[in-house]
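Asks: Below you will find the structure I want to go over with you.
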Amino acid sequence: MRDPILTVEDLRVEFATYGGTVKAVRGVSFELQRGETLAIVGESGCGKSVTVQALMGLIPIPPGKITGGAALLNGKNILNLPAREANKFRGVEVGMIFQDPMSSLNPTMTIGDQIAETLKVHRGESHRDAFNQAIRLLEKTHIPDAKKRARQYPFEFSGGMLQRAMIAQSLACNPSVLIADEPTTALDVTIQAQILELMRELQRTENMSIILITHDLAVVAKMADRVAVMYAGQIVESGTVDDIFYRSSHPYTLGLKVAMPSNTHDRDKTLTPIMGSPPDLFNPPVGCGYYARCPHAMKVCAERLPHNMEVATGHTSRCWLQHVEAPRVLELNQPSHNHAG
Amino acid sequence: MLVRTDNLKKHFTIGRGQTLHAVDGISLAIDEKEILGLVGESGSGKSTFGKTLVGLHNRTSGEVFYKGKPLPAKFSTKDHLTFSREMQMIFQDPYSSLNPRMTVLDIVGEGLRIQGNLSSSDIKEKVALWLDRVGLNTDHMSRYPHEFSGGQRQRIGIARAMIIEPRFVVCDEPISALDVSVQAQVINLLDELKASMGLTMLFIAHDLSMVRYVSDRMAVMYLGALTEVGLSNDVFFEPLHPYTQFLVESNPEPDPETERNREHKPIVGEITSPVNVQPGCRFADRCPKVMEHCRTTTPELIATSETRQVACFLFN
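Written out as structure tokens, the structure reads:
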């Protein structure tokens, strides 16, 4: 059932800084299938936000630069487009919501006007039509008293309500893809649950595909169909949500899982942290990015960058341990290479 | 019992004759060598409670007892000096809680310097010892905070609090600004220090799973008041108060199977404002089991067992 709406191939993004060039995204490839939720998960600085910002044409150039790769939305290229061209799909075919709704909305415009603006720009609707449509969108995201709320300013909204308003705005032109960059990180768990529930509901009713950027594995478990785990500017493992949680095949994914308490976790057991910190992306390692922190590191890992190896259908891992000749590691899911004899 | 509060209140006057009831009558006891977890949503007053305990806020009314003796309502400079030897605090934001113009040596050694009974070379030696103990390179003593990562800064904050060798530490969201892999490093460090120094801790956080993992007992706060107190596992696995149930329900688990099988109960409403709080249960507006007198009478924290207290009329 491969039916990708978005295909990203070997995306590379760099930033020129006073300290040198940061290689933020180092060859990211993935497919977003129609109707699915793909979670891109990773820690700060792994390049997950930069990846989607590059797709949306939101990277300031300079200092940023897309140095390679391709991205096809419904078969059309969307990388490195001039602003006028980019505006044809941005907010129309692809909607986006951000982590901090307070700083992503204009504090001097009413919520209704901001949503209406999207419709006026992209659809050429009159102000009155667009504003009425904005009220309907606010109702769709379950904002009580939408008529009154549309005339209010962002500071009159709570964090959860602002995130709903931002979702309403992103839905204005019925996008087929919604990119949500840490949509609930700034929210309390009870509000997070509401927003995630809303996203799920809208995915069904609006028939959207979602890219969810997050650092929170619990949110991934709740929302994702498929998961891509990013580390040091690369996708190190990808597969279905069950592949990633129950059949982890990359030491980093496994490390993340044992570093957090599960709700069945015995309290006497200590958490297993991942020692050290991510590599310097000014000067990324030639070999595997995780080499310095990996408990299973081998000589080859320092010298050669592992390619994506298929563990099972649709489940890939960028790890030398998945190689036919690699030693078996007990905790890791590895393909069984049954050599005769 | 090391620390006890009795009907502790901290109100802020916010102009136009309005009062913000950040902490509104909390009676809570923390036993010697215990880790008490305090959870609640933003705006529930948990940080204010922690700060009021160690004298960073002057309380509005009520009492705080430390080792059975009442603490002054308003800390003088001398009080701060006396009590900071016993009580320390670790802050949430490792970026804003370290002075960017001070070196690590100055930051970590400041407490010792103020106490004034060690020479500067002794202080330096002790700072080196502590940097090593929290897992930082002792050669980095003359560096400034901006040269460190978030996890490393949090370690500096921990070293600063621990170097005094306090007995009681308030940890105000010590890990929420950190990445998952680094969170475990910091939690394990706190755990180890707690064991080796015999510390008593108030662990403030909003991450329910982490609080259950870290603490012996758990207290849940909502709009300035406690809703439930009990052993961590009891509160987490069998929440009694509707608000606690609501929190546990909303807390996602890093397990797809559990999440698929989770019942999708509609959760409504948001935490209301702690300004000019009306009598009655603070959770009444959002509570699915609300009764008539919940809106008029404020429920007291009642013991339902030896280790459990709940502030809800359903258990009266």
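Chains as they are written, first to last, in this note's numbering: chain A, 1 to 341; chain B, 1 to 316.
Cβ coordinates follow ideal geometry from the N, Cα and C atoms, glycine included.
(1) Could you give the residue range of the alpha helix (DSSP H) that holds ASP132 of chain B?
(2) Against ASP179 of chain B, what residues of chain A qualify as contacts under a CB-to-CB distance less than 8 Å, listed in chain order?
(3) By the three-class DSSP mapping on this structure, what secondary structure does ARG226 of chain A have?
(4) Ends of the beta strand (DSSP E) at THR304 of chain B?
(5) For LYS23 of chain A, which residues does DSSP report across the bridge?
(6) For chain A, find out if any of its Cβ atoms is closer than 9 Å to the Cβ of GLY50 of chain B; answer yes or no.
(7) Does the stretch 86 to 98 of chain A come within contact of the stretch 139 to 159 of chain A, defined as at least 3 CB pairs closer than 8 Å?
(8) Under 8 Å, with one C-beta from each stretch per pair, do the stretch 80 to 99 of chain B and the stretch 22 to 32 of chain B reach the 3-pair mark?
(9) For HIS215 of chain A, write down the residues that DSSP places opposite it in a beta bridge.
(10) How long is the line joining the alpha carbons of GLU237 of chain A and GLY27 of chain A, rounded to whole angstroms?
(11) Does any residue of chain A have a CB that is nearer than 9 Å to the CB of PRO72 of chain B?
(12) Helix, strand or coil, according to DSSP, for PHE203 of chain B in the structure here?
(13) One question on the structure: do LYS9 of chain B and GLY43 of chain B come within less than 9 Å of each other, judged by their Cβ atoms?
(14) Is the stretch 155 to 163 of chain A in contact with the stretch 75 to 83 of chain A, if contact means three or more CB pairs nearer than 8 Å?
(15) Give a yes or no on whether the minimum CB-CB distance between ASP181 of chain A and chain B is below 9 Å.
(16) Between ALA39 of chain A and MET223 of chain A, how many whole angstroms is the CB-CB distance? I'm expecting something under 8 Å.
(17) Say whether chain A places a C-beta atom closer than 9 Å to the C-beta of SER209 of chain B.
(18) Could you check whether LYS65 of chain A and VAL13 of chain A sit closer than 9 Å to each other, using their CB atoms as the reference points?
(19) So PHE203 of chain B and CYS171 of chain B are supposed to be a Cβ contact under 8 Å. How far apart are they, rounded?
(20) Going by beta-carbon coordinates alone, are TYR144 of chain B and VAL108 of chain B separated by less than 9 Å?
(21) Report the three-state DSSP secondary structure of TYR246 of chain A (helix, strand or coil).
(22) Would GLU41 of chain B be called buried (16 or more neighbouring beta carbons within 10 Å of its own) or exposed?
(23) Would you please state the rounded distance, in angstroms, between the beta carbons of VAL180 of chain B and GLU43 of chain A? I believe it to be under 8 Å.
(24) Tell me the DSSP secondary structure of ALA284 of chain B in three-state form.
(25) Do GLN33 of chain A and ARG226 of chain A have their beta-carbon atoms positioned less than 9 Å apart in this structure?
(26) Expressed to the nearest angstrom, what Euclidean distance is found between the alpha-carbon atoms of ARG282 of chain B and CYS312 of chain B?
(27) Helix, strand or coil: which one does DSSP assign to CYS171 of chain B?
(28) Give me the DSSP bridge partner(s) of GLU63 of chain B.
(29) To which residues of the same chain is GLN163 of chain A closer than 6 Å at the C-beta, ignoring the five residues directly before and after it?
Replies: On the basis of the data shown:
(1) 120 to 133
(2) GLU43, SER44, HIS215
(3) strand
(4) Where THR304 of chain B is concerned, there is no enclosing beta strand (DSSP E), given that its DSSP letter is neither H nor E.
(5) A:GLU14
(6) no
(7) no
(8) no
(9) Looking at the DSSP assignment, HIS215 of chain A forms no beta bridge with any residue, so it has no partner.
(10) 13 Å
(11) no
(12) strand
(13) no
(14) no
(15) no
(16) 6 Å
(17) yes
(18) yes
(19) 5 Å
(20) no
(21) helix
(22) buried
(23) 7 Å
(24) helix
(25) yes
(26) 10 Å
(27) strand
(28) B:ASP6
(29) PRO101, ILE195
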